[in-house]
Amino acid sequence: MDNIFHYKIGRPSVSKENKGFLQTLKRLVFIEKLYNTTGIALLAIVGIIMAVGIAFYGVSFGIMLILLITIPPVVYCIVVYPKFGIIMLLVMAYLLFVIAQLGIDGPIGTLMDALQVLLVLGVLINVKKDNNDWSIFKSPITTVIFIWLGYNLLEFGNPAASSRLAWIYTIRSVAIVALSYFVFMYNIRSVKYIRVLFVLLGVLSFVGAAYGFKQEYIGFNQHEQDYLNSPDIASLLFIDGHWRKFSIFSDPVAFAYNMVMPSIFIICMLTMRIKLWQKIALGVLALFFLDAMLFSGTRGANVLIPGALFLFAILKYNRKILIGTGVAALFILFLINVPTSNPNLRRFQTAFKPNNDDSYNLRKMNQKRIQPYILTHPLGGGLGATGEWGKRFAPGSYLASFPPDSGYIRVAVEQGWIGLILFCTFMFVILKTGINNYYLIENEELKTYCLAMTLIIFAYNLANFPQEALVQFPSNILFYLEAALINITLRLDISLKEKAAKALQLQQTI
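Each residue of the sequence shown is one higher than the last, beginning at 148 in this note's numbering.
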């Protein structure tokens with residue numbers, strides 16, 4: 148393959164579909180509705196209202212007015228054109244906390260829930276049109292997602308739960324985000340659209356990295372500074388005289404993990420047969436992401452690249468890969484042991500020497516302390532028993548003040564050892580399916596995508612032990628996108644092979 152960016156595979160109908168969408172939008176909005184005297188007058192009135200409102204009430208008024216005008220057509224486009232909806236979902240997942248920083252008061256999280264519900268509604272409508280054909284979802288991953296969702300629903304009746312309201316607030320995010328897997332499975336049907344999504348995610352990751360550099364070398368804006376002035380936040384983010392950076396994300400952990408994952412994707416892309424300048428550009432981009440990651444001060448993120456490289460070397464076993472991973476391992480060993488006064492590099496080094504770290508030892512002590520509770524509560528203490536919801540809805544309970552500090556520990560505490568077994572099975576099935584599909588796929592591009600998604604899921608599993616890696620946007624959405632792409636890449640590869648076989652058969656008959 149000469150060039151990934153011009154590799155022509157996928158459904159030819161996609162471009163027509165996109166063209167039809169743009170033409171319809173232009174005809175409905177700009178020609179039929181606005182390209183006349185009434186439309187111009189309406190726009191003028193809206194402009195005057197916006198100007199007066201901003202003058203009296205500030206920029207929030209203008210933003211809210213724009214939202215009121217744009218929401219109806221956006222809702223229509225999300226349901227009728229789900230590919231547009233998926234792009235909007237990913238953009239919103241990255242920019243959610245930027246919007247919150249603008250000072251807009253309102254249920255922004257609920258808007259994300261509504262967006263995902265609309266996409267699920269679109270899937271149900273389209274499946275109904277397809278005579279209730281659910282075969283596209285058939286996969287071991289689909290099965291374990293249903294089992295995991297079912298167990299979370301059963302947690303409502305957990306007799307050890309201190310609050311049912313905590314369950315309601317928690318299940319909303321767990322269930323709705325998990326359903327996005329089915330949205331991706333149904334609507335991603337061409338390699339061209341997969342490329343579009345990867346380019347979009349690359350751009351969003353670049354914006355996140357660039358803003359991290361801005362925070363490191365230029366400083367925080369006023370909204371960010373006000374946020375950091377809180378004593379609780381300062382104790383978490385001000386380490387050894389240096390502020391941990393969070394870029395456009397909710398916290399430094401989310402920032403770090405969303406720099407590591409595109410770097411893993413790029414490492415996989417470098418193994419493809421693409422032009423030298425493209426490999427150089429991708430390599431520089433990966434270094435840019437990893438450098439930005441260091442600004443977060445998240446030690447758990449530092450072990451993800453070595454962990455992913457280990458699985459990468461096993462799955463893609465050949466001489467070049469072994470040499471490359473060997474060189475990378477030597478470089479990492481050098482970074483771990485080199486004397487330095489750089490606070491970011493010093494924090495990187497402590498990730499590989501956890502027993503010398505007070506924070507890690509405190510987490511080990513907390514985990515040891517909670518083990519008897521986990522063993523005696525097979526269903527756990529109920530969804531939302533720890534963390535923010537626990538403090539809000541059951542402030543006097545035993546678990547409300549317990550800091551889980553780990554995705555696996557949270558599952559074990561809130562959903563018991565039964566839930567932990569199911570969660571580990573869930574992850575195992577995704578990884579097993581990814582590895583199997585990687586060896587089944589023949590197309591180089593699709594094979595590389597499947598490998599990248601499998602390595603990223605593996606990295607999320609590693610990340611979920613020291614931190615809660617799958618609870619914040621955009622990681623929670625991206626996790627299910629990557630799980631879906633493991634299946635989609637195999638499906639597209641089978642489709643390509645069938646088309647090639649039919650074309651060959653047609654040639655032979657002629």
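All C-beta atoms, glycine included, are put in the ideal place defined by N, C-alpha and C. Computed from a predicted structure; not experimentally measured.
Inter-residue spacing [alpha-carbon to alpha-carbon] between Y333 and I414: 28 Å
Beta-carbon proximity list for A240, same chain, < 6 Å, skipping 5 on both sides: F620, P621 and I624
Whole-number beta carbon distance between W314 and L609, since they are thought to touch under 8 Å: So it is not a contact: roughly 29 Å between Cβ atoms.
Burial state of G269 (16 or more Cβ within 10 Å): buried
Contacts around F393, its chain only, beta-carbon distance under 6 Å, and the 5 residues preceding and following it disregarded: P399 and F402
Residues that DSSP places opposite W390 in a beta bridge: F385
Beta-carbon proximity of D416 to M440, cut-off 7 Å: In the sequence under discussion, the amino acid at residue 416 is Met, which differs from the Asp named in the question. Going by C-beta atoms, M416 is not nearer than 7 Å to M440.
Exposure of R516, with buried meaning 16 or more beta-carbon neighbours within 10 Å: exposed
Between the CA atoms of Q496 and Y596 - distance to the nearest angstrom: 31 Å
N- and C-terminal bounds of the alpha helix (DSSP H) containing Q425: L423 to L441
Among A475, V222, G471 and I234, nearest to L344 - alpha-carbon criterion: I234
Backbone CA spacing between V346 and M211 [nearest angstrom]: 30 Å
Three-pair Cβ contact test at 8 Å for the stretch 582-592 versus the stretch 635-645: yes
Nearest residue (CA-CA) to M512, options Q372, C571, N449 and P550: P550
Rounded separation between L266 and L237 - CA only: 12 Å
Sub-7 Å separation of F244 and S397 beta-carbons: yes
Beta-carbon spacing of G444, R494 below 7 Å: yes
Length of the line joining the Cα atoms of F481 and T472: 14 Å
Cβ pair G527, E561 closer than 7 Å: yes
Where Y340 sits in the DSSP three-state scheme: helix
Reduced DSSP secondary structure (H/G/I, E/B, other) of P219: helix
Helix, strand or coil at Q372 [DSSP, three-state]: helix
Segment contact flag, the stretch 368-382 with the stretch 565-576, C-beta cutoff 8 Å, min 3 pairs: no
Whole-angstrom distance between K594 and L637, CA atom to CA atom: 8 Å
Three CB pairs or more closer than 8 Å across the stretch 446-458 and the stretch 375-395: no
Ordered list of alpha helix (DSSP H) runs contained in the stretch 235-301, each at least 4 residues: 255-276 and 287-301
Buried/exposed call for F478, threshold 16 Cβ in 10 Å: exposed
Distance between beta carbons of G200 and G209, contact taken as under 8 Å: 6 Å
DSSP three-state assignment for R420, whether helix, strand or coil: coil
I292 and A325 closer than 7 Å at C-beta: yes
Distance between beta carbons of I411 and L578, contact taken as under 8 Å: Actually they are not in contact, since the Cβ atoms of L578 and I411 sit about 14 Å apart, beyond 8 Å.
Pairwise C-alpha distance: T487 and F331: 45 Å
Classification of A650 by the beta-carbon crowding that lies within 10 angstroms, buried from 16 upward: exposed
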